[in-house]
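Engineer: Numbering (the numbering used here), first residue to last: 400 to 780. For every residue, glycine included, the Cβ atom is placed at its ideal position computed from N, Cα and C. Would you mind keeping the following structure in view while I ask a few things?
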Amino acid sequence: MAQHIYLIAGEASGDFLGAQLMLAMKEKEPDTMFSGIGGPLMQAQGLESLFPMEELSVMGIMEVLPSLKLILKRIKQAIDNIIELSPDKVITIDAPDFSFRVVKGVRKKQSDKTKFVHYVAPTVWAWRPKRAKKISKFLDALICLFDFEPPYFEKEGLKAIAVGHPIMESGVVEAWGGSFREREDIAKDTKTLGVFFGSRKGELKRIAPVFVEAIEKIVEAQPDVELIIPTLPHLVERVTEMLLHIDADKHIVTPSKEEKWETFKACNTSIAVSGTVGLELVASNVPHLIGFNVSTLTHMMLKRLIRVRFAHLANIILDKRIVPEFLQNDCNAELISQKALELLNNEKARAEQLECFQEVRNRIGENKSPSETAANFILQM
């Protein structure tokens with residue numbers, strides 16, 4: 400008998416995960432029925448979204464107050480829809496602020512016929528560890544991205560599985576950096592430095608001046624280096640202005656989804672703001688370092704909350720510092736430029752990182768399909 404799966408995604412990353420999951424489930428059980436909330440990628444797989452997914456993107460940020468009435472309406476609408484349809488399983492994908500309210504709302508009104516699975520574990524290993532016990536009370540199972548995560552939830556009695564990271568299904572493995580170099584007329588033997596300023600204006604304001612000063616020092620020491628700066632359309636003008644005075648060939652680009660990994664792989668070495676881009680550079684096999692700083696007050700608060708030794712996910716996964724982290728007072732141009740030049744030119748330093756990157760990729764699903772593993776887990780529950 401065909402299963403009825405109800406999915407909820409609240410942001411673009413969840414839409415990608417949901418679409419890949421739907422595709423994998425359809426390949427295994429073609430008659431699977433889908434309902435729920437999702438974006439364009441999930442809709443392309445046959446989901447008719449209950450309402451526009453974009454309305455949920457305000458959850459957990461400052462925009463929530465003006466939209467509170469609509470959000471509460473959407474929570475109730477999702478609860479009522481699940482109760483009416485009575486699906487076999489509800490898969491909530493990330494967006495915990497919305498997802499968990501819906502699950503708890505359904506639990507209060509419905510019997511245990513429907514199973515509830517959450518995809519992408521809350522980062523209890525980094526902060527707020529008590530969340531593991533809380534979610535174990537209303538979820539039937541949890542799908543984690545990293546292999547070190549399940550034990551945090553299993554000890555609370557929640558069934559959990561690690562499937563790997565969706566980045567490994569995004570085309571990064573197949574991409575070739577030479578395509579970008581050909582488009583941008585960069586010679587094969589030219590050394591390139593990727594610069595990732597981040598996607599937020601706040602990051603640009605705090606960290607970009609340090610990166611720009613570091614780039615000046617790198618170009619002064621190695622004048623033939625070319626810069627590859629992927630950024631977003633609304634930041635192009637600002638980034639271009641910041642780098643105008645630097646005497647080097649600059650490739651400031653806004654790559655499409657199809658061009659993204661080619662752009663990453665065209666970089667010999669990169670400096671990046673701490674965040675998701677770090678794992679993306681690992682997946683792209685690009686030696687790199689990260690930098691980040693916040694206000695003194697925020698730093699003091701974070702020190703009391705954060706429970707991990709590292710900021711970079713690769714360092715956390717392997718529990719050792721393989722990617723240099725320049726945080727707070729260490730986030731300065733002198734240190735960053737010295738390490739970047741070393742990663743550009745020192746083959747031993749590059750090889751050490753690349754060897755560890757392979758281990759990280761193995762652990763996040765390079766040799767398996769995270770979506771297929773997740774689909775098997777859900778369908779066989």
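1. What whole-angstrom Cβ distance do Ser498 and Thr491 have, given they're in contact under 8 Å?
2. With a floor of 4 residues, list each alpha helix (DSSP H) that falls wholly inside the segment 538-586, ordered by position along the chain.
3. Compute the distance between the beta-carbons of Glu625 and Ala732, then report whether it is under 7 Å.
4. Taking the straight line between their C-alpha atoms, what separation do you get for Ser598 and Val652?
5. By how many angstroms is the C-alpha of Ala748 removed from the C-alpha of Glu483?
6. Tell me the DSSP bridge mates of Ile436?
7. Since Glu724 sits in a beta bridge, which residues does DSSP pair it with?
8. Is the beta carbon of Leu440 less than 7 Å from the beta carbon of Ala418?
9. Between the Cα of Gln663 and those of Val693, Asp648, Ser578, spot the shortest distance and give me the residue it belongs to.
10. Do the segment 727-744 and the segment 676-692 touch if we need at least three Cβ pairs shorter than 8 Å?
11. Measuring only the C-alpha atoms, how far is Pro550 from Lys649?
12. Going by the beta-carbon positions, is the gap between Val501 and Phe515 smaller than 7 Å?
13. Return the CA-CA distance between Leu634 and Ala607, expressed in angstroms with no decimal places.
14. Of all the options Ala682, Lys536, Pro495, Ile628, which has the alpha carbon lying nearest to the alpha carbon of Ala520?
15. Going by CA-CA distance only, name the one from Ser655, Trp524, Ile627 that's closest to Ser569.
16. Just curious, the beta strand (DSSP E) that Pro629 is in, first and last residue?
Structural biologist: Here's the rundown:
1. Rounded, the Cβ-Cβ distance is 3 Å, consistent with contact.
2. 549-553, 576-583, all fully within the segment 538-586.
3. Note that the C-beta distance between Glu625 and Ala732 is not below 7 Å.
4. Straight-line spacing of the CA atoms in Ser598 and Val652 works out to 13 Å.
5. 59 Å
6. Answer is Ile407.
7. Ile689
8. yes
9. In the sequence as presented, Gln is not what sits at residue 663; that position holds Phe. Here the closest residue by C-alpha is Ser578.
10. Here the segment 727-744 makes contact with the segment 676-692; the two share three or more CB pairs at distances below 8 Å.
11. 46 Å
12. Using a Cβ distance threshold of 7 Å, Val501 and Phe515 do not count as a contacting pair.
13. Distance between the alpha carbons of Leu634 and Ala607: 12 Å.
14. Pro495
15. Of the candidates Ser655, Trp524, Ile627, the one whose C-alpha sits nearest the C-alpha of Ser569 is Ser655.
16. 625-629 is the extent of the beta strand (DSSP E) around Pro629.
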